[in-house]
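The listed protein sequences correspond, in order, to chains A and G.
With the first sequence counted from 1, adding 17 to any position gets you the numbering used here.
With the second sequence counted from 1, adding 25 to any position gets you the numbering used here.
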Amino acid sequence: MKIIVCIKQVPDAKDVRLDPETNTLAREGVQSIMNPYDQHALEEAVRLKEQLGGEVTVLSMGPPQAVDVLRQAISCGADHGVLVSDRAFAGADTWATSYTLAKAVHKIGDFDLILCGKQAIDGDTAQVGPGLAIQLDIPFVTCVQKVREASGTELVMERMMDDGYDVVAVSCPALLTVVKDLNEPRVPSLKGKMKAKKAEFKILSAEDIGADSSCIGLPGSPTQVVDVFPPPPRGERAILTGSIEEQIEQLVEKLAVYL
Amino acid sequence: MLIVDSELCIGCGVCEDNCAFGAIEVVDGCAVVSDACTLCGSCVDSCEVEALKIEGGEKSVQVDLDSWKGVWVYCEFRAGALAPVSLELLGAGRKLADARGVPLSAVLIGADTGESAEKLIGHGADTVYRIDNQALTYFTDESYGAVLTDLIKAHKPEIVLAGATAIGRSFIPGVANSLGAGLTADCTQLDIRADDGALLQTRPAFGGNIMATIVCPSSRPQMSTVRPKVMQALDFDEARQGEIVDVAPDPASLQTKVRVLESVISEQDNVNIQESDILVAGGRGLDSEKGFKLIRELAASMDGAVAASRAVVDAGWIGYPHQVGQTGKTVAPKLYIACGISGAIQHVAGMQSSETIVAINRDEDAPIFDVADFGIVGDMFEILPLLISKIEGKRGS
Ligand SMILES: Cc1cc2nc3c(=O)[nH]c(=O)nc-3n(C[C@H](O)[C@H](O)[C@H](O)COP(=O)(O)OP(=O)(O)OC[C@H]3O[C@@H](n4cnc5c(N)ncnc54)[C@H](O)[C@@H]3O)c2cc1C
Ligand SMILES: Nc1ncnc2c1ncn2[C@@H]1O[C@H](COP(=O)(O)O)[C@@H](O)[C@H]1O
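Dropping the structure here:
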């Protein structure tokens, strides 16, 4: 089974904080990590490979330093890594990102399955996976929480819904987006780390993937950010005082509207 | 590309301070832009000497914007019921439609929808496009997506809204992508821009640490998924008049490659924590699955639902659908009571836009108190039973 996993490098949330004085994101020394959901997508891909044979290619669009997450993926069992990187991709929204990734997938060639995280924790959109599937004209299933059966040609899985889950079947090629419940990602093995150290990555530009310049980056993005501002401040924190009974008394008073 | 005109730039640093992404630095008296730039444009507006501009900004494929008219709401219907967010969106859509002077339409897709269409009219829709077909009993991205896409192509609405629910956030991205339309996820505020009638879509990003306002300047329709519980539904008005248009789906759109074998509604009540007004959330401070029972009791005493931190989901005390936070669900209930939760940023990201937050924790330095409106420092095993009986007493009386 040939599997492609889309991985995004994102800033680590615990480092992204709003500076209360300047109202900007304090990003000093911000660590970049592999998008948490993508770790579960990668883990499932490696498990499917171990079960059914085949190979796992990880794909990322981002600045040159995004090879770090590709390297990490190799140490966790991926076989190849491809980075699409070009200044012309800057400002891409989910439409332009889906388009770019689709072009890169065509360049990579044949595949049976594409796995994405449910969403990236920086943009929180959950739109790139479905968008990529549409661009590639293949079926997709979002929020997969469990793969029940997998053969080289068909998958049966559970898709998380608001009120429970649906059991769905799809034949390959298809695209899945995954949630955290799917599996427990492994830690890299020593062998994996060695392999990652030596790994080399294909870096593709907009021209390499044959992208239409009007479909990438800011010009290719139907949505545009016109304003960025801090969220409305919450009221002052208030720790109640008095004996426990008194505090509970006060709290129930304060919550009266909700009871 | 963000271009700095070095002739005009006076190196004042206003843009550097204004950049939310830390992408501008003044070096030797002139602004320098790094790779971190997202081309959001905040700096361009802030620059007093007009030394900054974004080039290649406009999407080159323009559509005839004026031929797109009307506001649409996709009204989710599953397992015999309308999703509450559908009615909230009709409330929001009504305001937008009135501001634009255009009609408001609802799209109802499903099987055995009964009186739902009439209900949508009573809640504000002028027209309901109803696609009621047995083949649409189960949701699939392909069938629902194809039906909605065909309708949009035929009627050309300028705005399409849908709930940011599991279903909305699954198939709407596919619809937007195939239409080449811009889509903004999980919006919390919608307005019409006075000068050109564009839809201003505001949403939290970076786990709620910043807000971004987004427009779709040159594509139609303008599409948004909207978070449940933030918009206000209109009261049902039986006297409201509207038209119900039954639409027969193209048989081709009912052919799907994904097959639904079974739809399992969770036995645990209220797994849909995003639709709940009151959430009681438990964390590792509960010590054990047994301790977690107190959370269920407190929730039951206020007709709320149960939420949890990742730590307790990982410990297996409760299922993943209840997890709040960065790798779980984002919730915005009226009341969120966090018990024995430290308030790690990944947890706070999922609940900080709740209307009122209460924290109970024995560690007075726990970061959860920074976002709480009311905090009690103390031992939960002492506090919760007292709180439960107090609430039960109050509600009983
Ligand atoms: C990539 C990534 C994603 C993550 N995503 C999420 C997410 O989506 N959601 C999430 O919640 N977390 C997430 N986390 C984990 C997060 O960082 C925290 O580890 C987690 O939220 C901690 O859960 P907790 O507050 O229940 O436990 P703890 O941090 O252990 O806190 C327990 C609290 O209970 C208090 N306490 C203990 N005993 C008592 C008592 N008897 N009475 C009163 N108070 C008591 C303690 O003082 C403490 O503050 C994520 C982490 C990572 C790295
Ligand atoms: N730049 C990118 N490179 C590779 N994969 C991406 C990129 N952006 C998004 N994805 C994939 O799409 C998923 C959803 O992202 P998003 O729609 O941005 O929330 C992620 O979990 C990734 O699997």
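Note that CB positions come from ideal geometry on N, CA and C, so glycine has one too.
Bear in mind the structure is a predicted one, so any value in this text is a computation, not a measurement.
Point to revise | C-alpha distance - isoleucine 343 (chain G) paired with leucine 149 (chain A), whole-angstrom precision | key: If I take the Cα positions, the gap works out to 33 Å.
Practice item. Less than 8 Å between the CB atoms is what I'm expecting for valine 84 (chain A) and leucine 59 (chain A), so what's the real figure, rounded? Key: That pair is no contact at about 15 Å.
Check your understanding: What residues are listed by DSSP as bridge partners for leucine 77 (chain G)?
Key -> Under DSSP, the beta-bridge partners assigned to leucine 77 (chain G) are G:Val29.
Check your understanding: Would you report the Cα separation of valine 373 (chain G) and glycine 350 (chain G), rounded to the nearest angstrom?
Key -> Looking at the backbone, the Cα of valine 373 (chain G) and that of glycine 350 (chain G) are separated by about 6 Å.
Review point. CA-CA distance, threonine 352 (chain G) and leucine 33 (chain G)?
Key: Taken atom to atom, the span from the alpha-carbon of threonine 352 (chain G) to that of leucine 33 (chain G) is near 45 Å.
**Study point:** Neighbour-count burial assignment, proline 253 (chain G), 16 or more Cβ in a 10 Å radius
**Key:** Buried: at least 16 other Cβ atoms inside 10 Å.
Point to revise | Proximal residues of chain A, C-beta to C-beta of alanine 230 (chain G) below 8 Å | key: Asp139, Gly140, Asp141, listed in chain order.
Review point. Name the chain A residues that come within less than 8 Å of isoleucine 303 (chain G), Cβ to Cβ?
Key: Correct list: Tyr275.
Check your understanding: Can a CB atom of chain G be found closer than 9 Å to the CB of leucine 257 (chain A)?
Key -> Yes, leucine 257 (chain A) lies at the interface with chain G (some Cβ there is under 9 Å from its Cβ).
Check your understanding: Would phenylalanine 231 (chain G) be called buried (16 or more neighbouring beta carbons within 10 Å of its own) or exposed?
Key -> Buried: at least 16 other Cβ atoms inside 10 Å.
Point to revise | Cβ shell of glutamine 56 (chain A) (< 7 Å), same chain only, five flanking positions each side left out | key: Cβ neighbours of glutamine 56 (chain A) beyond the five flanking positions: Pro202.
Check your understanding: Do you know offhand how far threonine 152 (chain G)'s Cα is from glutamate 263 (chain G)'s?
Key -> Spanning the two alpha carbons is a distance of roughly 15 Å.
Check your understanding: If you measure from the CB of asparagine 52 (chain A), is any heavy atom of ligand 2 nearer than 8 Å?
Key -> Here the distance from the Cβ of asparagine 52 (chain A) to the nearest heavy atom of ligand 2 is below 8 Å.
Point to revise | the region 119 to 131 of chain G contacting the region 170 to 188 of chain G, beta-carbon criterion three pairs below 8 Å | key: Under the three-pair Cβ rule at 8 Å, the region 119 to 131 of chain G counts as touching the region 170 to 188 of chain G.
**Study point:** Cβ-heavy atom distance, phenylalanine 399 (chain G) to ligand 4, below 8 Å
**Key:** What this structure holds is ligand 1 and ligand 2, not ligand 4.
Practice item. Select from the region 55 to 79 of chain A all residues with a C-beta closer than 7 Å to any C-beta belonging to chain G, and list them in chain order. Key: Answer in chain order: no residues at all.
Review point. How would you label isoleucine 256 (chain A), buried or exposed, when you count the other beta carbons within 10 angstroms and need 16 or more for buried?
Key: Sixteen is the threshold: since fewer than 16 other Cβ atoms of the shown chains lie within 10 Å of the Cβ of isoleucine 256 (chain A), the residue is exposed.
Review point. At least one CB of chain G closer than 9 Å to the CB of glutamine 18 (chain A): is that the case?
Key: Looking at the sequence shown, residue 18 (chain A) is not glutamine but methionine. It does not: the Cβ of methionine 18 (chain A) has no partner Cβ on chain G nearer than 9 Å.
Review point. Taking 8 Å as the cut-off, is the CB of methionine 78 (chain A) close to at least one heavy atom of ligand 2?
Key: Yes, the beta carbon of methionine 78 (chain A) sits closer than 8 Å to at least one heavy atom of ligand 2.
Check your understanding: Is it right to say lysine 208 (chain A) is buried, meaning 16 or more other beta carbons lie within 10 angstroms of its own, or is it exposed?
Key -> Around the Cβ of lysine 208 (chain A), a 10 Å sphere holds fewer than 16 other Cβ atoms; the residue is exposed.
Review point. Would you say the beta carbon of threonine 111 (chain A) comes nearer than 8 Å to a heavy atom of ligand 2?
Key: Distances between the C-beta of threonine 111 (chain A) and the heavy atoms of ligand 2 include at least one below 8 Å.
Check your understanding: Taking 9 Å as the CB-CB cut-off, is serine 111 (chain G) touching chain A?
Key -> False, the Cβ-Cβ gap to chain A never drops below 9 Å.
Review point. If you measure from the beta carbon of methionine 177 (chain A) to each beta carbon in chain G, is any gap under 9 Å?
Key: Residue-level contact by beta carbon holds for methionine 177 (chain A) and chain G, with a gap shorter than 9 Å.
Review point. Taking a cut of 7 Å between CB atoms, which residues from the region 97 to 108 of chain A lie near chain G?
Key: The residues in question are Ala107, Gly108.
Review point. Any residues in the region 171 to 195 of chain A with a beta carbon nearer than 9 Å to a beta carbon of chain G? Which ones, in chain order?
Key: Those would be Val173, Glu175, Arg176, Met177, Met178, Asp179, Asp180, Gly181, Tyr182, Asp183, Val184, Val185, Ala186, Val187, Ser188, Ala191, Thr194, in chain order.
Check your understanding: What is the DSSP secondary structure of glycine 439 (chain G), reduced to helix, strand or coil?
Key -> Nothing about residue 439 (chain G) can be read from this structure; chain G reaches only from 26 to 422.
Review point. Any Cβ of chain G within less than 9 Å of the Cβ of glutamate 224 (chain A)?
Key: Residue contact check for glutamate 224 (chain A) against chain G: no CB pair falls below 9 Å.
Point to revise | Backbone secondary structure at lysine 197 (chain A) - three-state DSSP | key: In the three-state scheme derived from DSSP, where H, G and I count as helix and E and B as strand, lysine 197 (chain A) is classed as helix.
Point to revise | Backbone CA spacing between glutamate 83 (chain G) and leucine 235 (chain A) [nearest angstrom] | key: Note on glutamate 83 (chain G): pLDDT 49, under 50, position unreliable in the model; no value is reported.
Check your understanding: The beta strand (DSSP E) with lysine 120 (chain G) in it runs from where to where?
Key -> First-last for lysine 120 (chain G): 109 to 125, but that is the alpha helix (DSSP H), not the beta strand (DSSP E).
Check your understanding: In whole angstroms, what separates the C-alpha of cysteine 160 (chain A) from that of serine 313 (chain G)?
Key -> Their backbone Cα atoms lie some 29 Å apart in a straight line.
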